[in-house]
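Residue numbers (mature numbering (1 follows the signal peptide of the UniProt record, and there is no 0)): -18 to -1, 1 to 264.
The C-beta atom is built at its ideal place from N, Cα and C for all residues, glycine as well.
Here the structure is a predicted model, which means the values were calculated and not measured.
Each remark here refers to the structure printed beneath this line.
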Amino acid sequence: MVKISLCTLAAFVGAANAFAPMPANSVVSSTQLAMSEANMEADSRRSFLSKAAGSAAIVALGLTEAPEGAHAASLKKVNARLSQYGLPTMDSVPGGFSPLAEVWGKGKNRDPLLVSFVHPSDWVVTLPSQDVNGEDGTIQAGEYAKGDTATFFVYSEPGKVENLAQAPKELFQKALIKSISQKGDNLYQNFKVTKLVPKTVNGQDYMICDFKYELLTGAGFEVDRVGVASVTSVGDNVEVLWCASTRQRYKKTEEQLRTMADSFRCYSGGLDNAKIDYGDNY
């Protein structure tokens, strides 16, 4: 096996300096007017390129944030959805994050759950797909090129767990192993739960789990992964939101991962009207 690390793309900050505008020509004689106008046009072009390069560097470094107004609008929409089902609303959203509330299980092959959490505003969100045969996929957010992800998983084997705080460590280890291997494309080794912290929110038990493992990719590489998960049990299953990044990026992403895991909420019951009805013709 060859061990590698995933690296961030290089920013184009130097390009901004390379295109810095030159001082304008202050002499405007009749013989130099054309040259002055040409210089000003070139200066304008350099200024534009400089700003464009600077913007590219900001995007490459992931430094952009959604305006507070956008956060407020998103929070209002999410809280409206939660209120529609009679569920507790979100009080606030941290800066640089966006709220998400989606129903998992709209298809006939799953029991519906309402899943909510916050995620970095520049992360891409993917949702399950539905057709006449049922639902496939899960709720996920990530900056996939860098290996940073937050993924929802339903672990059905143990059924309902009544007292999560008193559950053995093996339950969480099995739930997380199932979570990280749900796609089946990659293998893992040396999985370990390093810390368990119980919490209760609105009378519902959650367990915050720190974990790490080595991902064995199909290309034959090993990638060290570190993460934080939130585990709960509603309905007839155990539900997990696991958030992870590479070991090399974990110092930078740990706060984000913990914020997401801590914000995770999952509800069951009263969601039947969220199911998709394809009618009697299918």
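- Message: Run through the DSSP bridge pairs and tell me what Phe96 is partnered with.
- Response: First, the residue type needs correcting, since residue 96 is Leu and not Phe in the sequence shown. DSSP lists Val85, Tyr249 as partners of Leu96.
- What residue from Val216, Gly217, Leu239 has the CA that sits closest to Ala226's CA? Ranking the options by Cα distance to Ala226, first place goes to Leu239.
- Task: Return the bridge partner residues of Tyr137 from the DSSP annotation.
- Result: Val220
- Item | Residue range of the alpha helix (DSSP H) that includes Leu109 | Here Leu109 belongs to no alpha helix (DSSP H), and DSSP marks it neither H nor E.
- With 16 as the cutoff for other CB atoms within 10 Å, does Gly77 come out buried or exposed? Label assigned to Gly77: exposed.
- Query: Starting from Glu152 and walking both ways along the alpha helix (DSSP H), at which residues does that stretch end?
  - Reply: 151 to 162
- Environment of Ile258 [buried if 16+ CB atoms lie within 10 Å]: exposed
- Buried versus exposed call for Glu221 [16 or more other C-beta atoms within 10 Å across all chains shown]: Buried.
- Beta-carbon proximity of Val75 to Val106, cut-off 8 Å: Not in contact: Val75 and Val106 (Cβ atoms no closer than 8 Å).
- Item | Asp187 versus Phe154: straight-line alpha-carbon distance, rounded | Asp187 and Phe154 have their C-alpha atoms spaced approximately 13 Å apart.
- Message: Taking 8 Å as the threshold (C-beta atoms), are Asn219 and Ser163 in contact?
- Response: no
- Item | Spatial distance of Ala256 from Met242 (CA atoms) | 24 Å
- Query: For Tyr195, does the count of other Cβ atoms within 10 angstroms reach 16, so buried, or fall short, so exposed?
  - Reply: buried
- Look at the alpha carbon of Leu253 and the alpha carbon of Val179, and state the distance between them as a whole number of angstroms. C-alpha separation (whole angstroms): 30 Å.
- Message: Excluding the 5 residues flanking Leu169 on each side, which residues of the same chain have their C-beta closer than 7 Å to its C-beta?
- Response: Leu198
- Task: Look at Leu69 and Ala132 and say whether their C-beta atoms are less than 8 Å apart.
- Result: no
- Message: Less than 8 Å between C-beta atoms, sequence neighbours within five positions excluded: which residues of the same chain meet that for Val143?
- Response: Closer than 8 Å at Cβ, skipping near neighbours: Ala149, Leu153, Ser215, Val220.
- Relative to the alpha-carbon of Ser111, which residue among Thr182, Trp86, Thr235 has its alpha-carbon at the smallest distance? Trp86
- Work out the CA separation of Thr108 and Tyr126 for me, nearest whole Å. 11 Å
- Endpoints, beta strand (DSSP E) assigned at Gly209: 203 to 214
- Message: I need the DSSP call for Leu57, collapsed to helix, strand or coil.
- Response: helix
- Leaving aside the five residues before and after Lys177 along the sequence, list all residues of the same chain whose C-beta is less than 6 Å from its C-beta, in chain order. Asp192
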